[in-house]
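In case it helps, mature numbering (1 follows the signal peptide of the UniProt record, and there is no 0) puts the sequence shown at residues -20 to -1, 1 to 44. Glycine is no exception: its CB is placed at the ideal position from the N, C-alpha and C atoms.
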Amino acid sequence: MKTWPLFCLTKTCAVAVAVAVAVAVAVAVAVAVAVAVVFNPVDRAVSPDPEADKVRRLSERSAA
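Printed below as a string of structure tokens:
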């Protein structure tokens, strides 16, 4: 039974690991951006004026 080597000994293996790491980093960044967009604290914490707050509440009600 062949086990996955701890360190790659071939160039093909090194390229495969580099691609896997790049994909993992890209997925992590995409998830972080998605979470930041969904839980945007700045939008909810700072309201420029009461009219904007009223519009936001109305849009949230209509979306629900």
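Looking at the backbone, the Cα of valine 9 and that of threonine -11 are separated by about 29 Å.
DSSP places aspartate 33 in the uninterrupted alpha helix (DSSP H) bounded by 30 to 43. Per DSSP, threonine -11 lies in no alpha helix (DSSP H) and is assigned neither H nor E.
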